[in-house]
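Residues in the sequence shown are numbered consecutively from 24, following my numbering. Glycine included, each C-beta is placed from N, C-alpha and C at the ideal position. Contents: one structure, followed by commentary.
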Amino acid sequence: MDLTELIAIAHKEKTASKPVEIRCCVAAGCLSANSQTVKQRLQEVITAENLTETVEVRGVGCMRLCCQGPLVQVDDHTLYQQVTPDDAPAIIAALQGGETTVTKGDLNHPFFTSQMPIVLENSGKVDPERIQSYIAAAGYQALHHVLREMTPKEVVDTVTASGLRGRGGAGYPTGVKWGTVAKSPGERKYVICNADEGDPGAFMDRSVLESDPHRVLEGMAIAGYAVGANQGYIYIRAEYPIAIHRLQTAIRQAQRLGLLGSQIFDSSFDFKIDIRIGAGAYVCGEETALMASIEGKRGTPHPRPPYPAESGLWGYPTLINNVETYANITPIIRNGAQWFASIGTAKSKGTKVFALAGKIRNTGLIEVPMGTTISQIVEVMGGGVPDGGVVKAVQTGGPSGGCIPASAFDTPVDYESLTELGSIMGSGGMIVMDETTNMVDVARYFMEFCMDESCGKCIPCRVGTVQLYQLLTAISEGKATQTDLELLEELCDMVKHTSLCGLGQSAPNPVFSTLRYFRHEYLELLK
């Protein structure tokens, strides 16, 4: 495979396209609402109407407005929502000038117009199960450019100059991590994609893998070249069967075309990617526990240092980034570091993908520039609370994050600002709560999650989360006193500062943030 052949595949795919393209979402959300049958019915009507020469139906990834699925889009100008198989004739009739009663979505709504798709630029456009569709969208050209025209150091320098920070939660500078792995001595090195997305209400990484799997594979291959690794692993939870299937398909297709494997693009670079399926343990999202699981051991964390960049998988230097981080690499190589660095804020560059969920009208995926305010996301893009309700708080960062009150919604979304509010960016879950939400119950829910997911290796987390859950239960049931509340705060501080890994260290965060902003709700429940 060379660049000429790659461009020829792209040209063939584009010229084979029909004048009218109907895109039907076949990501998990729409599939659960029967979109596969909608797609089949559309094809049947097209065939019956003898329109196969001019109209094609394509299954694509997430179209973002998940609450209105199944979604069907005709070219780039008409969006149909809540489509049923019975709507197919009316949609096809509309192509021929007829009237339709099928509900249309508003593509001019701020939910769509306020987004800046970089990670999601292909979602809802390419067929995730056809590599030709990805190649037609300039896929794998960045990998060719890197292998033929850049040194590994130049790739690392480009990623560093872009200002990209790890999208897995901590926000560590990606270029610094890559540079450390590249400089670490070792006869072999590994690249790992952390797709063990376990935060309640989060579905960003799953959607990217279901919608645009080759984007992640290409980013991992570029990372492998930059750091000197020839083997990659995607660690993904078993609860994501559609993403797993499409990744497996994508890897086979890339290998068949010589875009993964030996001597990629006739270079000396070899890179292989394998999938490892996790059993759903939340703690395996922590990088040392994740590596233990890949090695076939029990997924429990171990102290650092040494860090994975120096001694990781099987004791060799290992690069670990999450799905969204790798999905940013191709556009950075294609458009340049300065282009990416010009987006976002001074310390948080680029965009961030969020999964909007909870008490909000427009639930789904959004991608916005860093620095966009919470108010813009929740009130404008999300449409606020249904039925005239009032937004009370937003929870970000999953069980490791915190609850942000409506009074702080003018805060820009970036790593530093959210930390100052007592929350974190996390992987991108954003759960909206209205005035009916009991914040003590929210803290209790997340503490129960952390308690159940604790690996049990260290006492502060294993025992502390249980005691915190019991105290929160007593408060919630009106059986606690002021002394219990003081004990709750003291115990939260102990668990935070003495637990072994990030799960235990961050478990008290929802308690801290609800006490900080909604202490009166705790006090009202005390005896």
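Annotation: Asp433 to Val149 spans about 35 Å, alpha carbon to alpha carbon. In the three-state DSSP reduction, Phe377 falls in the strand class (E or B). Collapsing the DSSP output to three states places Asn345 in a strand. In the three-state reduction of the DSSP assignment, Glu44 falls in the strand class, which pools E and B.
Ile498 is positioned such that its CB atom lies closer than 8 Å to that of Leu548.
In the pairwise beta carbon analysis, the stretch 149 to 159 is classified as touching the stretch 71 to 86: at least three pairs are separated by under 8 Å.
When DSSP states are grouped into helix, strand and coil, Phe226 belongs to the coil group. Here Ser536 has Gly425, Cys426, Gly445, Ser446 as same chain residues with Cβ atoms under 7 Å from its own Cβ, once five neighbours each way along the sequence are excluded. Per DSSP, Gln63 is one residue of the alpha helix (DSSP H) stretching across 58 to 71. Per DSSP, the beta-bridge partners of Met453 are Leu379, Thr419. Phe294 carries a strand assignment under DSSP once its states are collapsed to helix, strand and coil.
The Cβ atoms of Gly209 and Tyr339 sit closer than 8 Å to each other.
Per DSSP, reduced to three states, the secondary structure at Arg327 is coil, with no helix or strand assignment. Between Cys515 and Val465, the alpha-carbon positions lie close to 16 Å from each other.
As DSSP reads the structure, Tyr540 sits in no beta bridge.
For Glu390, DSSP records a beta bridge to Val376. The residue from Gly501, Thr459, Ile300, Glu122 with its alpha-carbon nearest to that of Glu262 is Ile300.
By the Cβ neighbour-count rule, Ser290 is exposed, with fewer than 16 other Cβ atoms within 10 Å of its own.
Under the 10 Å beta carbon count, Gly479 is surrounded by fewer than 16 other beta carbons and is classified as exposed. Taking the CA atoms as reference points, Tyr256 sits about 53 Å from Lys550. A contact is defined here as three or more CB-CB pairs under 8 Å, and the stretch 307 to 319 fails this definition with respect to the stretch 198 to 205. Secondary-structure assignment with DSSP links Pro196 through a beta bridge to Arg188.
Contact between Thr341 and Ile245 does not hold, since the beta-carbon distance rounds to 16 Å and is not under 8 Å. Apart from the 5 residues on each side of it in sequence, Asp437 sits with its Cβ closer than 8 Å to the Cβ of Gly367, Thr368, Lys370, Ser371, Met393, Gly394, Met448 in its chain, given in chain order. For Gly247, the enclosing alpha helix (DSSP H) begins and ends at 236 to 250. Between the stretch 121 to 129 and the stretch 408 to 423 there are fewer than three C-beta pairs closer than 8 Å, too few to call the two in contact. Contact check for Ala56 against Pro93 passes: the beta carbons are separated by less than 8 Å. When the Cα atoms are used, Val106 and Leu336 turn out to be separated by approximately 46 Å. Contact check for Ala266 against Leu240 fails: the beta carbons are separated by 8 Å or more. Under the DSSP assignment, Ile158 falls outside any beta strand (DSSP E), being part of the alpha helix (DSSP H) whose first and last residues are 154 to 159. Comparing alpha-carbon positions, the option among Gly501, Ser529, Ala113 lying closest to Gly487 turns out to be Ser529.
For Gln278, the three-state secondary structure derived from DSSP is helix. Annotated as proximal: Ala378 and Leu388, with beta-carbon spacing under 8 Å. With a contact defined as Cβ atoms closer than 8 Å, Met470 and Gly281 miss out at about 50 Å.
If you compare the alpha carbons of Thr77, Ser58, Asp109, Pro112 with that of Cys89, the shortest gap goes to Ser58. No Cβ-Cβ contact shorter than 8 Å links Ala332 with Gly322.
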